[in-house]
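Undergrad: Just so it is clear: in the sequence shown, position 143 is 157 by this note's numbering, and no numbers are missing. Note that CB positions come from ideal geometry on N, CA and C, so glycine has one too. Everything numeric in this text was worked out from a predicted model, so none of it was measured.
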Amino acid sequence: MQPQKRRPTKEELAAANGRTLPDIIAPNLKVLFCGINPGLYTAVIGHNFARPGNRFWPTLHAAGFTPRLYLPEEEKGLLDLGFGITNIVDRATANAAELSAVELIEGGIKLVEKVIAYQPQVLALLGISAYRVAFGKANAGIGMQEQTIGNTRLWLLPNPSGLNAHFPPQKLAQVYQELRVFIDGMT
């Protein structure tokens, strides 16, 4: 059993506002997972999807992307599996609602440039509302999108935040598994 980690203080969380995290990225990945933006907890810890209630890591494992449950501090190990992590907007906030439409659109433009440079097979965007704003696709739904960035397919997935009550863990894993099955069929 792992020792209980110290939770960030209110002061540490407040100081993390606006911080950024480095991308976990390499050329020619199978999937580049793209969050909306880092949360304050994640920014303090310094690893993606680090907040205890976030279901990203358990969902990746349950969907078959990882052979075991990875911890946020093992995020660089995803590269060995052909996966990476980035965000639409780099700056940390208490919640994604703090991001303006302009920030999301500008982040979408930078994301397109990043995808062109790194050429993953699939860009998996984790957040329907943010994708709709960033890419101007008001009616986009979950799953593979018609739009591509060069040869990179776009796949829209639900946000793994524990606050996303529309997708309980089993349903979240099932939707992510659809992407994994697609990726397995490409190789």
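1) Cβ of G141 within 8 Å of Cβ of I197?
2) Give the secondary structure of L95 by DSSP, where H, G and I count as helix, E and B as strand, and everything else as coil.
3) Taking only runs of the beta strand (DSSP E) that begin and end inside the stretch 75-134, which ones reach a length of at least 3 residues, in chain order?
4) Answer yes or no: do N62 and L35 have a C-beta to C-beta separation smaller than 8 Å?
5) Between L92 and I59, is the Cβ-Cβ spacing less than 8 Å?
6) With respect to the beta strand (DSSP E) encompassing G199, which residues constitute its N-terminal and C-terminal limits?
7) Give me, in chain order, the residues of the same chain whose beta-carbon lies closer than 7 Å to that of V126; leave out the 5 immediate sequence neighbours on both sides.
8) How many Å lie between I99 and A111 at the Cα?
9) Below 8 Å on the Cβ atoms is my contact criterion, and I expect Y132 with L43 to pass it. Report the Cβ-Cβ distance as a whole number of Å.
10) If we ignore side chains and look at the alpha-carbon of each, how far apart do L85 and R65 end up?
11) Starting from A138, trace the beta strand (DSSP E) in both directions and tell me its first and last residue.
12) Taking C-alpha atoms, which residue in M200, G199, V195, Q191 lies nearest to A76?
13) Measuring alpha carbon to alpha carbon, tell me which residue in L193, L27, A106, H180 is nearest W169.
14) What are the partner residues of I163, as DSSP defines its beta bridges?
15) For E160, collect the residues of the same chain with a Cβ closer than 7 Å to its Cβ; drop the 5 residues on either side in sequence, then sort them by chain order.
TA: Taking the geometry as given:
1) Taking C-beta atoms as the reference points, G141 and I197 fail to come closer than 8 Å.
2) Here L95 sits in helix by DSSP.
3) Within the stretch 75-134, the complete beta strand (DSSP E) runs of at least 3 residues are 97-101.
4) In this structure, L35 lies closer than 8 Å to N62 by Cβ.
5) The Cβ atoms of L92 and I59 lie no closer than 8 Å to each other.
6) Element bounds for G199: not the beta strand (DSSP E) but the alpha helix (DSSP H), 183-200.
7) Within the same chain, V126 has close Cβ partners I163.
8) Spanning the two alpha carbons is a distance of roughly 21 Å.
9) Your pair Y132 and L43 checks out as a contact, with CB atoms roughly 7 Å apart and the cut at 8 Å.
10) If you take the alpha carbons of L85 and R65, they lie about 11 Å apart.
11) Run containing A138: 136-140, per the beta strand (DSSP E) assignment.
12) Checking every option, the nearest Cα to that of A76 belongs to Q191.
13) The shortest CA-to-CA distance from W169 to any of L193, L27, A106, H180 is the one to L193.
14) According to DSSP, I163 shares a beta bridge with T166.
15) Nothing listed; no residue qualifies.
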